[in-house]
Amino acid sequence: MKGLEFVTSIRKFRISAILIFLLLIGTAAYAGSEKGPITDQQGWVINREFLSHSKESNKKVELFWSKPTGDGPYPAILFIHGHQEQVRDGGETYVKVGRLGSMASRGYVAAAVSQPGYGNSDGPPDFCGPYTQDAVLVAIDFLRNKPFVNPNKVVLFGYSRGAIVASMVATKDQNLAAVILGAGAYDLFKWYPTDLRGINTNIETEAGTSSKAFRDRSAIYHVDKIKTPILLLHGAQDERIPVKQAKSFAEKLKAQGISVKMVIFPRAGHGIPVDEQYREIYPFLEAVLR
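Counting in this note's numbering, the sequence shown runs from 197 upward without gaps.
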């Protein structure tokens, strides 16, 4: 009997452990999609918002933001992430690495938006297209309407797919203070097909390959609508998006009279070392926002 009681106790313990584990998973999943503040690794409070998409009010746009202590108004910088394959955590990636808190400590309201189909933003993704661009415009409008944000000093920083989005948003919002573009593509007609099957598949399934689809995602054909200073960052050895994309875009911007600074990193591939990026970014921000 004692042996039977022991086995029964073990089974009950296992069942209880499984139930507790499932409860914790469910709680974590629920908490991850809830609005509310979180804390980054440096102790900065990061707020999470769910905004209504301008084209479909029942679809949400996830936004993370932090601010300096004080009333402001402060300049703001909005980060737009690139493609995420394994963990699609969207704008939360900037929380995890401490970038929002770091920028807030330097006197910026720092925010990161999750592109549709990433993080907890409703999809599907449209490969940097109008639906994603409109989601970013919603985030910009949210920031501009905060009393602690200087509405005339809002900056975009997009990387990779985020740079494609940011460059197109710059054609739709002429009141941006500046735009920073890292490792982006600005002419899909010249980029597609790429050397990577995964990128080609994403373009084909999310955007299609029509002329309209490509023009809607190629800022080089809309430079006449851009009015803001641009900082272009690109790796000379970029294996995903050739550096010629940045060079051609810079030439078009200059011809249009747009203030543009291009920095090519000779030894960098698609992932430009973060420290090297910010050696260019910090002085650029100080110059355009003073």
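Ideal placement from N, C-alpha and C gives every residue a C-beta, glycine not left out.
These numbers come from a predicted model, not from an experiment.
- Going by DSSP, E258 is part of the beta strand (DSSP E) stretching over K256 to S262.
- The count of Cβ pairs closer than 8 Å, one atom from the segment 246–256 and one from the segment 329–343, reaches three, so the stretches are in contact.
- Of the candidates A442, D383, V375 and Q433, the residue whose Cα lies closest to the Cα of K423 is V375.
- Contact between A307 and A272 holds, with the beta-carbon distance rounding to 7 Å and staying under 8 Å.
- According to DSSP, G378 shares a beta bridge with Y355 and L429.
- M299 and F260 have their alpha carbons spaced roughly 13 Å apart.
- Looking at the DSSP output, M458 sits in a beta bridge with L428.
- Contact between T401 and Y388 fails: their C-beta atoms lie close to 13 Å from each other, not under 8 Å.
- Three or more Cβ pairs drawn from the segment 456–466 and the segment 413–427 lie within less than 8 Å of each other, which places the two stretches in contact.
- Under the DSSP definition of a beta bridge, V350 partners with A272.
- A373 is positioned such that its CB atom lies closer than 8 Å to that of V350.
- Between the beta-carbon of R284 and that of Y314 there is about 5 Å, and that keeps the pair under the 8 Å contact cut.
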